[in-house]
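Asks: Under our numbering, think of the first position of the sequence shown as 418, with each following residue one higher. Even glycine gets a Cβ: it sits at the ideal position worked out from N, Cα and C. Since we're looking at a predicted model, the values are computed, not measured.
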Amino acid sequence: MTASYLGSLPVTPDEQRFYKELGARIAQLRKDRDLTQQELADDLGIAQQTFGHYEIGRLRVPLSMLPDLAALLGESVETVLGPLIHSTKYKTRRHR
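1. Residue 491 and residue 450: beta carbons closer than 8 Å?
2. Could you round the C-beta distance between residue 469 and residue 437 to whole angstroms and report it? I think they count as a contact, below 8 Å.
3. Nearest by alpha-carbon distance to residue 495: which of 442, 426, 464, 430 is it?
4. To the nearest whole angstrom, what separates the beta carbons of residue 452 and residue 478, a pair I think is in contact under 8 Å?
5. Which same chain residues, not among the five before or five after residue 465, have their C-beta less than 7 Å away from its C-beta?
6. My output table needs one value for residue 449: the three-state DSSP class, helix, strand or coil.
The following block contains the structure:
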């Protein structure tokens with residue numbers, strides 16, 4: 418069995434789907450507000466390329482960034498994650 422990777426960490430198919438859906442949600446919210454990737458990246462203090470990777474699900478959005486990102490989008494973290502939390506069958510892995 419081959420592991421999938423999101424960034425440099427292995428992920429399950431459910432995690433991979435979650436981050437792709439989260440990225441698409443962030444991209445849609447950004448576009449709805451007529452913001453560019455560059456504008457949000459500058460406000461977050463990250464490179465535009467990094468932000469672009471978040472939007473396509475190639476990199477995980479750091480949890481610590483979600484409150485700032487949500488505020489810049491004029492939304493709550495719950496609103497940004499809301500549809501994903503309820504629609505994704507995310508399973509937590511147990512570490513031994």
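Replies: If we stick to the structure as given:
1. It is a contact, given that the beta carbons lie within the stated cut-off.
2. About 13 Å; that fails the 8 Å criterion.
3. Considering only alpha carbons, the answer is 442.
4. About 16 Å separates the beta carbons of residue 452 and residue 478, which is beyond the 8 Å limit, so they are not a contact pair.
5. Answer for residue 465: 454, 455, 458, listed in chain order.
6. Secondary structure at residue 449: helix, using DSSP grouped into helix, strand and coil.
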